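Protein chains in written order, with our numbering: chain A, 238 to 746; chain B, 238 to 746. We put the CB at the ideal spot given by N, CA and C, even for glycine. As the structure is a computational prediction, the values presented were derived from the model and not from experiment.
There are 2 protein chains.
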Amino acid sequence: MMLFELEAALEFSNDIEGQKGEIEEVLVNADKELFKRGAPKGKENEASQLRGWSVKGRVLNVSIVSGRYVRAPDALLRLRNQLNLLGTKIKAGIRKVEIKKLEVKGVELGREPKQPIKIAFYVDKIEVKGDKADIKFSPSLTVDVIEGGGVDRIIELVVEKAERQEYEGKAEIKKLLWESKTKEMLFDKDPSSELEGINWIRRTHAKGQFVYGRNFTSLVNALREILVEELYKPLGFREMIFPKFEPWDVPKKSGHAKSIYPDAYYVMVPKVSSPKEWEETMDYFRITGEIHKESIMRKVEPVGILSYAQCPPFWQFLEGRVVKGESLPLKVYDWSGPTYRNEAGGTHGIARVEEFHRAETLFIGSPEEVIKIEKEVEEKLTFILDELLDLEVRKYSVIPWWMSQEGEKKLSDKANEGVGTVDFEAYLPYRGEREKSEWLEIQNISVIGEKYPKAFSVKSSRGELWSGCGGGSFERWICTFLAQKGFDKEKWPAEVVKRVKIEDEVKFA
Amino acid sequence: MMLFELEAALEFSNDIEGQKGEIEEVLVNADKELFKRGAPKGKENEASQLRGWSVKGRVLNVSIVSGRYVRAPDALLRLRNQLNLLGTKIKAGIRKVEIKKLEVKGVELGREPKQPIKIAFYVDKIEVKGDKADIKFSPSLTVDVIEGGGVDRIIELVVEKAERQEYEGKAEIKKLLWESKTKEMLFDKDPSSELEGINWIRRTHAKGQFVYGRNFTSLVNALREILVEELYKPLGFREMIFPKFEPWDVPKKSGHAKSIYPDAYYVMVPKVSSPKEWEETMDYFRITGEIHKESIMRKVEPVGILSYAQCPPFWQFLEGRVVKGESLPLKVYDWSGPTYRNEAGGTHGIARVEEFHRAETLFIGSPEEVIKIEKEVEEKLTFILDELLDLEVRKYSVIPWWMSQEGEKKLSDKANEGVGTVDFEAYLPYRGEREKSEWLEIQNISVIGEKYPKAFSVKSSRGELWSGCGGGSFERWICTFLAQKGFDKEKWPAEVVKRVKIEDEVKFA
C-alpha cells in the first residue's frame, strides 16, 4: 500500500502564537472532514491524517500522513486554503509554505527494475525494494510544483522508467499484412552514389542534406502528380500549407516534448534584434572569417523546433474550436516544405537524410470515418506502389512491443479499437538478397484515434473526433524506385515516363 | 601616411644567448632584404625596418616599424620563418610568438566620424583625430590572427564603421522605372483580418506565422501555375529543390555572416544525441509540463541558420567546380519550402510574416546572358502582375545610398555595369490614398554580377560567370491581390478564376 509522509512549515505574515486556539480548531476539523472529503466510502482510513502540529512565532509546522486517497500533498493544499480563510480573524495570511519532508513509500512498479531509477528534478533518492519503490523528495520541491500536479507526475514517471527498462531495445512487433509479387530487379547498385556521380544531386556542407537538381526534382514532381491524381483527388483530399517551424506549444501539446530532444533540430531567435546588440558577433566574422558561436549562444533563446512529424503544427488551425459536423470529415495533405530529423545513427545517401521532403496525409472525423478513410488511403497507396510504380513492397501492421504485451487489455479497450499503423517497406536489391537484407520503410498510414483532437482541444459538434495521418519521404520513394528500376528511362513504368522530363544535368569541366 | 609600430617576443625552445651572432646575421639581412621584398620601387622607405632587438635567455625581442608596404606584422611573420630555418644550426626552434605591442597610426577614414568607433576583438583603443584614426591593438592579438589576415581586416572594418555612421538610416535611392495604369479598386479592407475571419488562414503560436487553409492554398497554387506557365516554361527555367537549412559555410561564403545576425532564425542540433543525455530535459517536461530551455541551451550547438535569401544554399550544387559552357546559361527556380526572417520591427498579417513562401528565380551565365535573362524575367513579371492579375503596380530601380554617392566611380566600373535590382511595389488601398500611403514591395529581380560565383568558387569553362536572382513571397502577392480585388470570385481575373477551387472552409460551432 502506497504511503505518503509529509512535513511542512507554513509561514504567516504575523506572529500566530496568540492564535493557537483558532488554528487548532481549523486543524482538528480539517483532520476530521477536509482531509477525508472525496475518499471512497470505507476507505477513509487511507486518506490523510494529521499526525502532529506546532506553532512557533509566525510558523505553523504540520505533519501529515496518508494512503492513496486524498494524498498528503493534496491535504496540505486544502489546509493552506482553509487557514487563509481564517486570515481576517487572526490578522495573518500565509506567506510561504515550505516542504520540509515528503516521502512516498511502496510505489508499485509492476516489475523489479534491473537498474537504479533516477529523476533529475525534485527527488533526492529512489530506493527500490523488489517491485516497489520509496521516493524521497528533495527540499527543492515547492507548493507550486505540487499544485501543478508534479508529485503525481513524478510517481508516474518512476513507474514508467521501471517499465521502460524492461522494454528498452525491444523492437516493435511487425505482422506481415500483404506482399507484392516478386518483381524483376533492373539495377543492383546504390542509387545515391549513382545520383551524385551524374550530378543529379549534390551533398551540401550539412549532415544528411542534398541539393536536388532538375532531373531529380522532375522525378519528385512526377510522384507528386501521381499522388494527387491517383490518391488525393479521387478521395477528396485538398492541399493545405502547414507551418514548418513549430513553436514550443506544438510539441508540448502533441506530446513530442516528452522525448523528441535527441532527434530534434532546434530553432532559436535573437533575444534582442538591434544590430548594435550583435556588433561583437559581426566584428568577429569580419576579422577572423569565422562564426562567433559563443556570443550567438548568449544572444538567442530557444523558441521551438523544426517540424519533425509534419502534421502536429496543422492542429493550430483547429485548436480550441468545435468543428461543425458539415465540415467533417476533413481530408487534407501538405507538401509545403521539408521536415527535419537529427539522425544519431548516421545518415546514408538519400535513404536516410536529415532534411527530407514528405507529402503528409491527414484526415479527421468520427472514428468510423477515420477508420474507413485509412483503408481507402492504404488501398490507393498499395495500388500506386505496386501497380503504377511496379515496386516490390510489403505491408506490415506495427505495434510497439509494450502494447503487444498488454495486448488483451488494449484490444478490449473500446476507445482504441482501430488505432494502429500500417508500414510499407520496399526491397533494395543493392542491400543484398530479399530475405537477408533490411528493407526500407518508405511510407506509413495510421489511425491515431483521439490523441490529437484531445491534445489540441478540438471537438466535433456531432460527437467523438479522431484523426489519422500518413507520410513518406520522396527521398525514400525515389531511392526505392531507382534501386529497383535503375536509370534507364526506357525501362521505367509508363506512368512515370509520361510525367518526367529528363535532360542533361549540368556538366563540369 | 599610415604607420605601423610593432614589438614582439619570440620564445625559442632553448636558451639562445650563445647564438646571438647567428641571430644578428639573420636580423640584419632581413632588415636589408626580406623586410623590403615586394615593396614598389622607390617606396622601400615605406616598408618595414628593424628598429631594435635584444636577447634574454630563450627570448628574442624585436621592434619593427613600417609604412604601408610590407607592413610590420607581415615582416614579423617573414622573420619568424627565417629564424626557424636556422633551427638545426642553433638547435632551437621558435615555440611561441607574443605580440607585445601593435599600433597603427594615421588610418585614413575618408570622413570625420561623429561617434566613437569600437571593435569588439583584439583592439584596446581607437583614437580618432579628424579624419584619421590610431588603432592600438590589445595583447589578445595572436600571430594566428595576423596570419589569417586579421590586422588588415580590422583596419578595413574601422574605415567601414566610420563610413557606416554617415550612411546609417539613409534610405536606398529609388528611381521610378514604370507604373501600371490606375486601376479600379474593388476592396478597401485589410485582407489579413478578413482571411482570419472566414477561417482561410489561422495564426499559430509563433510570431508572424499562419496555417494556410484549402482555399488560400488553392490561390497560392494558382499563382504558382501562372508563374510556371507564363514565365518559367516559356523562358526555359526548370525546377530544383534548394536546401532550406543553411550550414554556416553558406552564410560565411555568401557574406550574410557579416550582418545577418539580428534577422536570422538559428538552427541548433544536439551535441550528444543519446536519450540518456537528455533524460533531465525529458523528466522536467514530464513533471512540470514546461520546456527546460536552460538544459537545451547547454546541450545543443549552433550549426547554421534557416534559409533567408533562398538562393545562397543552391550554390553548394556548383561549389568549387568549373561549369561547362554547354550547361550555360543555367535557369532554375525553387519552390520547395519556406524561408525565415526575424522581423525586429514587428509583423503585420500576411503583409509581413516571419515564415514565408517564395518562388526563387535564379540564372547563371555570362554577363551578357544574365543581363538579357533579367530583362526577360522582368518583362514576364510585369505582364503577369499588370495584365494577367490586373494589379496596380510600379517598378523601381533601387541602389543603396552609398552607391548613389559614389555613383560616378561605380558607374565607370566596367566589372559591375549592369548590376542592380528592380523592385515591384503594389498599391494597398486599405492603407490609404495612392500617393500618401506606403506601397508593398512584392517582388524583385536582380543582376548580382560575379558575387556568388566568386564566393562559392564557381567558374565557367568559357570565361566570366555572373548570376542573377529574384523572389517574391506568395503571402505578399495574395495580400495585394485580395486588397485590390476583394473576395468576390466573380470579379477576379479569368486567369485566376480558371485555376482556383474555392469551397466552404472549415466551419466552427
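Got a sec: is the Cβ-Cβ distance from residue i to anything in chain E below 8 Å?
{"i": "B:P310", "result": "You won't find chain E in this structure, because its protein chains are A and B."}
Which residue comes first and which comes last in the beta strand (DSSP E) that contains residue i?
{"i": "B:M238", "result": "Looking at the DSSP string, B:M238 is not in any beta strand (DSSP E), and its letter there is neither H nor E."}
{"i": "B:I685", "result": "L677 to G686"}
{"i": "B:E416", "result": "I410 to E416"}
{"i": "A:F661", "result": "G657 to A663"}
{"i": "B:I752", "result": "One cannot answer for residue 752 of chain B here, as it falls past the ends of chain B, which runs 238 to 746."}
{"i": "A:E670", "result": "That residue, A:E670, is in no beta strand (DSSP E); it is neither H nor E in DSSP."}
{"i": "B:K369", "result": "K369 to F374"}
Does residue i pass the burial test, meaning 16 or more other C-beta atoms within 10 Å, or should it be called exposed?
{"i": "A:A267", "result": "buried"}
{"i": "A:P471", "result": "exposed"}
{"i": "B:M238", "result": "exposed"}
{"i": "B:F620", "result": "exposed"}
{"i": "A:D509", "result": "Checking the sequence, you will find Val at residue 509 of chain A rather than Asp. Exposed."}
{"i": "A:G304", "result": "buried"}
{"i": "B:K273", "result": "buried"}
{"i": "B:V734", "result": "exposed"}
{"i": "A:V607", "result": "buried"}
{"i": "B:A370", "result": "buried"}
{"i": "A:L648", "result": "With a pLDDT of only 44 at A:L648, under 50, the local geometry of the prediction cannot be trusted, and no value is derived from it."}
{"i": "A:S750", "result": "This structure cannot speak to residue 750 of chain A, because chain A is shown only from 238 to 746."}
{"i": "B:L702", "result": "buried"}
{"i": "A:S710", "result": "buried"}
{"i": "B:T419", "result": "exposed"}
{"i": "A:P277", "result": "exposed"}
{"i": "B:E605", "result": "exposed"}
{"i": "B:R390", "result": "buried"}
{"i": "B:K536", "result": "buried"}
{"i": "A:P539", "result": "buried"}
{"i": "B:S285", "result": "buried"}
{"i": "B:Q352", "result": "exposed"}
{"i": "B:Y689", "result": "buried"}
{"i": "B:G583", "result": "exposed"}
Here's a check: name, in chain order, each residue in its chain whose Cβ is nearer than 7 Å to the Cβ of residue i, leaving out the five neighbours to either side.
{"i": "B:G644", "result": "Annotation note: pLDDT 44 at B:G644 (below 50); position unreliable, coordinate value reported separately. Here the set comprises nothing."}
{"i": "A:E675", "result": "R668"}
{"i": "B:K744", "result": "none"}
{"i": "A:W714", "result": "L460 and I679"}
{"i": "A:D627", "result": "K420 and P730"}
{"i": "B:V737", "result": "S455, L456 and A459"}
Using a Cβ-Cβ cutoff of less than 8 Å, which residues in the same chain neighbour residue i once the five nearest sequence positions on both sides are dropped?
{"i": "B:V382", "result": "Y359 and V388"}
Leaving out five residues on either side along the sequence, give the residues of the same chain with a beta carbon under 6 Å from the beta carbon of residue i.
{"i": "B:E678", "result": "D660 and E662"}
{"i": "A:K646", "result": "Note on A:K646: pLDDT 45, under 50, position unreliable in the model; no value is reported."}
{"i": "A:G574", "result": "K481"}
{"i": "A:G723", "result": "L423 and F424"}
{"i": "A:E242", "result": "V302 and E340"}
Please report the residue range of the alpha helix (DSSP H) in which residue i lies.
{"i": "A:S491", "result": "D486 to S491"}
{"i": "A:D252", "result": "Here A:D252 belongs to no alpha helix (DSSP H), and DSSP marks it neither H nor E."}
{"i": "B:L314", "result": "A309 to L322"}
{"i": "B:P539", "result": "Careful: B:P539 lies outside any alpha helix (DSSP H), inside the beta strand (DSSP E) at V537 to L543."}
{"i": "A:I714", "result": "According to the sequence displayed, residue 714 of chain A carries Trp and not Ile. That run of the alpha helix (DSSP H) goes F711 to K722."}
{"i": "B:T454", "result": "R451 to L464"}
{"i": "A:Y521", "result": "E516 to T525"}
{"i": "A:G700", "result": "First-last for A:G700: undefined, no H or E at that position."}
{"i": "B:D725", "result": "Here B:D725 belongs to no alpha helix (DSSP H), and DSSP marks it neither H nor E."}
Residues of the region 480-491 of chain A with Cβ closer than 9 Å to any Cβ of chain B, in chain order = Taking 9 Å as the Cβ-Cβ cut-off against chain B, the residues of the region 480-491 of chain A that qualify are P480, K481, F482, E483, P484, W485, D486, V487, P488 and K489.
Using a Cβ cut-off of 8 Å, which residues of the region 560-574 of chain A contact any Cβ in chain B, in chain order?
-> Within the region 560-574 of chain A, the residues whose Cβ lies closer than 8 Å to some Cβ of chain B are V560, K561, E563, S564, L567, V569, S573 and G574, listed in chain order.
Check whether the region 420-431 of chain A touches the region 570-589 of chain A, counting contact only when three or more Cβ pairs, one atom from each stretch, lie closer than 8 Å.
-> Touching, yes.
Short-range partners of chain A found in the region 519-544 of chain B, where Cβ spacing is below 9 Å = Residues M519, D520, Y521, F522, R523, I524, T525, G526, E527, I528, H529, K530, S532, I533, M534, K536, V537, E538, P539, V540, G541 and L543.
At a cut of 8 Å, does the region 319-330 of chain B reach the region 253-265 of chain B through at least three beta carbon pairs?
-> Taking 8 Å as the limit for Cβ pairs, the verdict is that the region 253-265 of chain B does touch the region 319-330 of chain B.
Give a yes or no on contact between the region 493-502 of chain B and the region 521-530 of chain A, applying the rule of three or more CB pairs nearer than 8 Å.
-> The region 493-502 of chain B, when compared against the region 521-530 of chain A, does touch it at the 8 Å Cβ threshold.
What are the residues of the region 710-724 of chain B that lie near chain A, defined by any Cβ-Cβ distance shorter than 7 Å?
-> Hits within the stretch: zero.
Sufficient close CB pairs (3 or more, under 8 Å) joining the region 544-558 of chain B to the region 473-487 of chain B | Flag = yes, the region 544-558 of chain B and the region 473-487 of chain B touch.
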